[in-house]
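J.: Numbering-wise, the sequence shown is residues 14 to 306 according to this note's numbering. Provided herewith is a single structure, encoded as structure tokens, for subsequent inquiry.
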Amino acid sequence: MKYISVFKYILAVLICAVLFLTGGCSSAKSGSDIDSPDSLSSIEQREAPSEAGFIYYPSGADFIGSVIDQHDSVAITSEMRESFNLFARDYRWIYIPDMDGYESFFETTHDYAGSFGYTNFADTVFYVLQYMGCPEKMSDEAMQDAIQNLFAAKDSYEKMPHQAYSKFANYEDGYYSPWPEGGINHNRMFYLLTAMDVHHETAEDVSITVRVTSYYFHDPGYEPGENEKWLAEKAKELGIPELEAAAELIASGEMEELEGDHEYETTMYIKAGGQNPQFLSSRSRDVAYDDPF
Numbered sequence: 014m015k016y017i018s019v020f021k022y023i024l025a026v027l028i029c030a031v032l033f034l035t036g037g038c039s040s041a042k043s044g045s046d047i048d049s050p051d052s053l054s055s056i057e058q059r060e061a062p063s064e065a066g067f068i069y070y071p072s073g074a075d076f077i078g079s080v081i082d083q084h085d086s087v088a089i090t091s092e093m094r095e096s097f098n099l100f101a102r103d104y105r106w107i108y109i110p111d112m113d114g115y116e117s118f119f120e121t122t123h124d125y126a127g128s129f130g131y132t133n134f135a136d137t138v139f140y141v142l143q144y145m146g147c148p149e150k151m152s153d154e155a156m157q158d159a160i161q162n163l164f165a166a167k168d169s170y171e172k173m174p175h176q177a178y179s180k181f182a183n184y185e186d187g188y189y190s191p192w193p194e195g196g197i198n199h200n201r202m203f204y205l206l207t208a209m210d211v212h213h214e215t216a217e218d219v220s221i222t223v224r225v226t227s228y229y230f231h232d233p234g235y236e237p238g239e240n241e242k243w244l245a246e247k248a249k250e251l252g253i254p255e256l257e258a259a260a261e262l263i264a265s266g267e268m269e270e271l272e273g274d275h276e277y278e279t280t281m282y283i284k285a286g287g288q289n290p291q292f293l294s295s296r297s298r299d300v301a302y303d304d305p306f
């Protein structure tokens, strides 16, 4: 049985062993629980507008621009890992829906969304609201625009259905809003880039496939698990705060000593020499429960 689609949207707030608990945003500000000086994301403290219009975050273009001239299987450097970690955090990689082109959102293939009778647009709307910093409201036109900017179609963009998705997002009077349940502290999420392939599909179009492992370190209010103890010891050795240490361990690749929580294989498409990524396909697995890719 495949557990990833359930765990992917269930964010743990009661048990340290479980990362996810169904839900959205605890407030309209991204990273609303975060007041740490160790903030490492370029957008963690951004204020979400009351009504959102789509924007790209610079970390995506920064990472894509740094690797787009590579070819085939790429040797991962510390600079790439550091840049990718910021990109993945800004783009809320943990919530990227499993997909295979925009067209796959019209299907019902995920256990959790499917249990409500929803298509994969439930996952996608949830993702966009997270990406946008959990705005108070987002029009259905803005939602369609954001999805088309973020996800590539293999054929054409048929108009998406608009509806409320209980446990994923509210929808009323032509506006989406986040489902009012708790979220995670994204400053404590880290993403390790483990493999990358760059293919020049045409003279101008490029696809980049990455393998990624995610890690979440619970804050000191929780009983520390093995990962938290490992990080505390590494931070002590380095003589720096834990979140700073985690960022250094991501860049060096030493984070791979830990098993990680989830693994992702994602292909991005970059059109006509641009640097803003569109997700073409993605699949994910829970390291503890699912078979390797």
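The C-beta atom is built at its ideal place from N, Cα and C for all residues, glycine as well. Remember, predicted model here, so these are calculated numbers, not experimental data.
(1) Spatial neighbours of Gln291 within its chain, please: C-beta separation below 8 Å, excluding the five flanking residues on both sides.
(2) Just mark Pro110 as buried or exposed, buried being the case when its beta carbon has 16 or more other beta carbons within 10 Å.
(3) Give the single residue among Trp106, Leu206 and Val219 whose Cα lies nearest to the Cα of Leu262.
(4) Need the endpoints of the beta strand (DSSP E) that Phe203 sits in, please.
(5) Here's the rule: buried if 16 or more other CB atoms are within 10 angstroms of the residue's CB, otherwise exposed. What is Phe76?
(6) Rounded to whole angstroms, what is the Cα-Cα separation between Ala2 and Thr279?
(7) If you drop the 5 nearest sequence neighbours on each side, which residues of the same chain put their C-beta closer than 6 Å to that of Ala258?
(8) Go through its chain and collect everything with a Cβ distance to Tyr131's Cβ below 8 Å, but skip five positions before and after it.
(9) Nearest to Tyr108 by CA position, among Ser265, Gly238, Gly287 and Ser227, is which residue?
(10) Starting from the N-terminal side, write out each stretch of the alpha helix (DSSP H) that is 4 residues or longer and does not extend beyond the segment 222-286.
(11) Whose CA, out of Glu217, Ser190, Arg296 and Met268, lies closest to the CA of Asp82?
(12) With DSSP as the reference, label Ala301 as helix, strand or coil.
(13) Secondary structure at Gln291, three-state DSSP: helix, strand or coil?
(14) When you compare the CB positions of Ile160 and Met173, do they come within less than 8 Å of one another, or not?
(15) When you compare only the Cα positions, how much space is there between Tyr313 and Arg94?
(16) Of the residues Val138, Lys167, Tyr189 and Ser169, which one's Cα is nearest the Cα of Glu64?
(17) Can you give the Cα-Cα distance for Ser55 and Lys167, rounded to whole angstroms?
(18) Give the straight-line distance between the Cα atoms of Tyr277 and Glu194, rounded to the nearest whole angstrom.
(19) Per DSSP, what kind of secondary structure is Ser152 in: helix, strand or coil?
(20) Whose C-alpha, out of Phe118, Asp304 and Phe129, is nearest the C-alpha of Tyr170?
(21) Using a threshold of 8 Å, state whether the C-beta atoms of Phe203 and Met268 are closer than that.
(22) Do you know how far the Cα of Tyr235 is from the Cα of Arg105?
(23) Considering Tyr189, what are the terminal residues of the beta strand (DSSP E) in which it resides?
T.: If we stick to the structure as given:
(1) As a first step, residue 291 is located in the sequence shown; it is residue number 278 there, counting from the start. Counting only Cβ-Cβ distances below 8 Å, and skipping sequence neighbours, we find Asn162, Leu163, Phe164, Ala165, Met281, Tyr282, Ile283 and Lys284.
(2) Here the question's residue 110 lines up with position 97 in the sequence shown. Counting Cβ neighbours within 10 Å, Pro110 comes out buried, since at least 16 surround it.
(3) By one-based count along the sequence shown, residue 262 stands at place 249. Selected option, being the one with the closest Cα: Leu206.
(4) Here residue 203 refers to the residue found at position 190 of the sequence shown. Taken as a continuous stretch (DSSP letters only), the beta strand (DSSP E) holding Phe203 covers Met202 to His213.
(5) Position 63 of the sequence shown holds residue 76. The C-beta of Phe76 has 16 or more other C-beta atoms within 10 Å across all chains shown, which makes the residue buried.
(6) Residue 2 lies beyond the stretch modelled for the chain, which goes from 14 to 306, so this question has no answer here.
(7) For the purposes of this step, residue 258 is taken as residue 245 along the sequence shown, with counting starting at 1. Leaving aside the five residues that flank Ala258 on each side, the residues in its chain whose CB is nearer than 6 Å to its CB run, in chain order, Lys247, Ala248 and Leu251.
(8) The residue labelled residue 131 in the question sits at position 118 within the sequence shown. Apart from sequence neighbours up to five positions away, the residues of its chain that approach Tyr131 with a beta-carbon distance below 8 Å are Thr121, Tyr178 and Phe181, ordered along the chain.
(9) The residue labelled residue 108 in the question sits at position 95 within the sequence shown. Comparing Cα-Cα distances from Tyr108 to each of Ser265, Gly238, Gly287 and Ser227, the minimum goes to Ser227.
(10) Within the segment 222-286, the complete alpha helix (DSSP H) runs of at least 4 residues are 239-251 and 255-265.
(11) As a working mapping, residue 82 is identified with position 69 in the sequence shown. When each option's Cα is compared against that of Asp82, the closest is Glu217.
(12) Numbered from its first residue, the sequence shown carries residue 301 at position 288. For Ala301, the three-state secondary structure derived from DSSP is coil.
(13) Counting from 1 along the sequence shown, the entry for residue 291 is found at position 278. Correct three-state label for Gln291: strand.
(14) Here residue 160 is taken as the residue at index 147 of the sequence shown, counted from 1. Here residue 173 is taken as the residue at index 160 of the sequence shown, counted from 1. Yes, they are a contact pair.
(15) The chain is shown only over 14 to 306; residue 313 falls outside these bounds and no answer can be derived.
(16) Residue numbering aside, residue 64 sits at position 51 when the sequence shown is read from its first letter. Ranking the options by Cα distance to Glu64, first place goes to Tyr189.
(17) For the purposes of this step, residue 55 is taken as residue 42 along the sequence shown, with counting starting at 1. For the purposes of this step, residue 167 is taken as residue 154 along the sequence shown, with counting starting at 1. Interpretation of Ser55 is limited by its pLDDT of 45, a score under 50 that renders its predicted location unreliable; no figure is taken from the coordinates.
(18) As a working mapping, residue 277 is identified with position 264 in the sequence shown. As a working mapping, residue 194 is identified with position 181 in the sequence shown. Each residue's Cα considered, the two are about 25 Å apart.
(19) Here residue 152 is taken as the residue at index 139 of the sequence shown, counted from 1. Residue state, collapsed to three classes: strand.
(20) For the purposes of this step, residue 170 is identified with residue 157 of the sequence shown, where counting begins at 1. Checking every option, the nearest Cα to that of Tyr170 belongs to Phe118.
(21) Reading the sequence shown from its first residue, position 190 is the one you call residue 203. Reading the sequence shown from its first residue, position 255 is the one you call residue 268. Contact check for Phe203 against Met268 passes: the beta carbons are separated by less than 8 Å.
(22) Taking the first residue of the sequence shown as 1, we reach residue 105 at position 92. Taking the first residue of the sequence shown as 1, we reach residue 235 at position 222. Taking the straight line joining both Cα atoms gives about 23 Å.
(23) What you label residue 189 is simply residue 176 of the sequence shown in a count that begins at 1. Residues Tyr188 to Pro191.
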